[in-house]
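Structure first, commentary second.
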Amino acid sequence: MAIILTEEQKELKALIREFMENEVIPFAQEYDERGEFPEEILKKAHEMGLGCMNIEEEFGGSGLNNETMAVLIEEMAYGEAGVSTSLTVSGLAYECIRDFGSQEQKKLIGEAIVAGKYISFALTEADSGSNAGAARCGYVADGDEYVINGSKAFITNASYADYHLVFATKDPALGVRGLSAFIVANDTPGVSRGKKENKMGLRLSNTSDLHFDNVRVPKDMLVGKEGLGFKMAMTSLDVGRILIGAAATGIAQRALDESVKYAKQRSPFGQPIATHQAVQFIIADMAIEIEAARLLTKNAAILKDQGMRISKEAAMAKSFASDVAMRATTDAVQILGGYGYSKEYPVEKLMRDAKVYQIFEGTNQIQRMVIAGAVLKE
Ligand code: COS
216 MAIILTEEQK ELKALIREFM ENEVIPFAQE YDERGEFPEE ILKKAHEMGL GCMNIEEEFG
276 GSGLNNETMA VLIEEMAYGE AGVSTSLTVS GLAYECIRDF GSQEQKKLIG EAIVAGKYIS
336 FALTEADSGS NAGAARCGYV ADGDEYVING SKAFITNASY ADYHLVFATK DPALGVRGLS
396 AFIVANDTPG VSRGKKENKM GLRLSNTSDL HFDNVRVPKD MLVGKEGLGF KMAMTSLDVG
456 RILIGAAATG IAQRALDESV KYAKQRSPFG QPIATHQAVQ FIIADMAIEI EAARLLTKNA
516 AILKDQGMRI SKEAAMAKSF ASDVAMRATT DAVQILGGYG YSKEYPVEKL MRDAKVYQIF
576 EGTNQIQRMV IAGAVLKE
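The opening position of the sequence shown corresponds to residue 216 in the working numbering, with each subsequent residue numbered one higher.
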């Protein structure tokens, strides 16, 4: 398998690079300082179709496969990881609705995403992150409706989403078999947005709590069947993890490019530090690992596009690429030295942004559980 891009991928990648260089990168540091959701920037990105890559063409989306999405998401995160996250999380929720939902649900949510609306993926809770099956947010059936009560935590885009894909349990004692998924419009009485997280990195993305107080949802907003919520969430997260691998690869590539640029200019001993073997070896290691991360990601994406279950491959891509991003950004700070530690240069932000990739969509320890489980079964 080689990394050869199609003409379409090259063109779309170049468009994203141009957009990021002109519309995002010059303003990223200010938004980062303020921890502000860049609504205007994201509006332009939506107009370019960057928020609806996996929505089918019949609903106005781009209908791209995972292989192409991985290429484009890498490029988006190369420019700015928070923007990339904000633009891709609705697609994670849609993944679930596309695979398990009704035609009406697909149309409702697919068209909403194409129109630039956000859909949150509300699975995590304050006391159940890694153990997704231990969710406490509950539901009961009542006539033609379901009634949801409880809270969700660390939900991307929650403050801006028009709809939430909410995973709730019929009975916590049922564990993974108790979860079901519901499409909940944000303006339904009883839905409220809670505290916004003040994060270390990825500060251009929004992360907030959600609360559900006797929220009544029509029965046709149940996605798939009752009790299938956990498997549906895991199936979507398999794809989400490929795309996390792609984004982490983008952050790492940016760290490498910033390091190379600086190392060619900085000459404390009369010649650029890029001529020093100590620096060259760091750069070589970064380049090796980035190539490997990109290949793992591409492998998982191609297998998924061919309809295979890719839990192991996606977990490998996610955990490896995010570990690479953390190492590459830390090394970039080292190469830039005092300037690397300063907000005057972009690499300290890359390092802060990279960290969460080892944590969200399943920590890298959880990914290793998934990988080991699959390997031991083989
Ligand atoms: N695709 C399809 N089915 C899956 C699946 C997947 N990726 N992963 C698990 N399942 C199925 C299993 O096959 C099993 O079904 P059966 O009982 O019919 O065989 C069922 O779901 C339960 O799976 P398992 O026993 O592996 O569940 P566990 O509770 O032991 O653990 C982990 C699952 C820990 C791997 C899971 O909870 C997880 O990924 N946690 C992290 C959650 C996460 O990523 N959160 C971030 C949210 S978004 S920021």
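Beta carbons: idealized from backbone N, C-alpha and C, even for Gly.
The region 412 to 496 is shown to contain whole beta strand (DSSP E) runs of 3 or more residues at 422 to 433, in chain order.
Inter-residue distance for residue 460 and residue 577 is about 12 Å (C-alpha atoms, whole angstroms). Judged by the Cβ position, residue 300 fails to qualify as a neighbour of ligand 1 at the 7 Å threshold, every heavy atom of the ligand being at least this far. About 26 Å separates the beta carbon of residue 327 from that of residue 353, a gap too long to meet the 8 Å contact definition. In the DSSP annotation of this structure, residue 356 is not part of any alpha helix (DSSP H); the continuous beta strand (DSSP E) holding it starts and ends at 353 to 357.
At the C-beta level, residue 565 and residue 544 come within 8 Å of one another. In the structure shown, residue 371 falls within a strand segment according to DSSP collapsed to helix, strand and coil. Between residue 549 and residue 555, the alpha-carbon positions lie close to 7 Å from each other.
Proximity of the beta carbon of residue 416 to ligand 1 is not indicated: no heavy atom of the ligand is located closer than 7 Å.
For residue 345, no beta strand (DSSP E) segment is defined, and its DSSP state is neither H nor E. Rounded to the nearest whole angstrom, the C-alpha separation of residue 546 and residue 457 is 24 Å.
Residue 465 is a Cβ neighbour of residue 293, given a cutoff of 8 Å. Between residue 437 and residue 361, the C-beta spacing is below 8 Å. CA-to-CA, the gap between residue 575 and residue 472 works out to about 25 Å. The alpha-carbon separation between residue 252 and residue 592 amounts to approximately 43 Å. The three-state reading of DSSP puts residue 317 in coil, since its state is none of H, G, I, E or B. Between residue 324 and residue 398, the beta carbon gap of about 7 Å places them in contact (Cβ cut-off 8 Å). Separation of the CB atoms of residue 534 and residue 501 is rounded to 18 Å, and the pair is thereby denied contact status at 8 Å. With a beta-carbon spacing of about 6 Å, residue 298 and residue 239 fall inside the 8 Å limit used to define contacts. In this structure, residue 351 has its CB at a distance of at least 7 Å from all heavy atoms of ligand 1. Annotated as distal: residue 351 and residue 357, with beta-carbon spacing of 8 Å or more. If you check the C-beta of residue 527 against ligand 1, you find no heavy atom less than 7 Å away.
At least one heavy atom of ligand 1 falls within 7 Å of the beta-carbon of residue 524. Distances from the alpha-carbon of residue 231 to those of 296, 280, 219 put 296 closest. The DSSP-derived three-state label of residue 324 is helix. Sixteen is the threshold: when 16 or more other Cβ atoms of the shown chains lie within 10 Å of the Cβ of residue 321, as they do, the residue is buried. Using a Cβ-Cβ distance cut-off of 8 Å, the region 483 to 500 and the region 301 to 316 are not in contact, since fewer than three pairs of beta carbons, one from each stretch, lie closer than that value. The beta carbon of residue 400 sits no closer than 7 Å to any heavy atom of ligand 1. Nearest in C-alpha terms to residue 478, of all of 552, 515, 345, 580, is 552. In the three-state reduction of the DSSP assignment, residue 258 falls in the helix class, which pools H, G and I. From the listed residues 374, 228, 247, the smallest Cα separation to residue 400 is found for 374. If you ignore the 5 residues before and after residue 347, its C-beta comes within less than 7 Å of the C-beta of 338, 445, 448, all in its own chain and listed in chain order. Following the DSSP letters along the chain, one finds residue 229 inside the alpha helix (DSSP H) bounded by residues 222 to 234. Rounded to the nearest angstrom, the gap between the Cα atoms of residue 527 and residue 536 is 14 Å.
Taking a C-beta distance under 8 Å as the contact criterion, residue 411 and residue 423 qualify as a contact pair.
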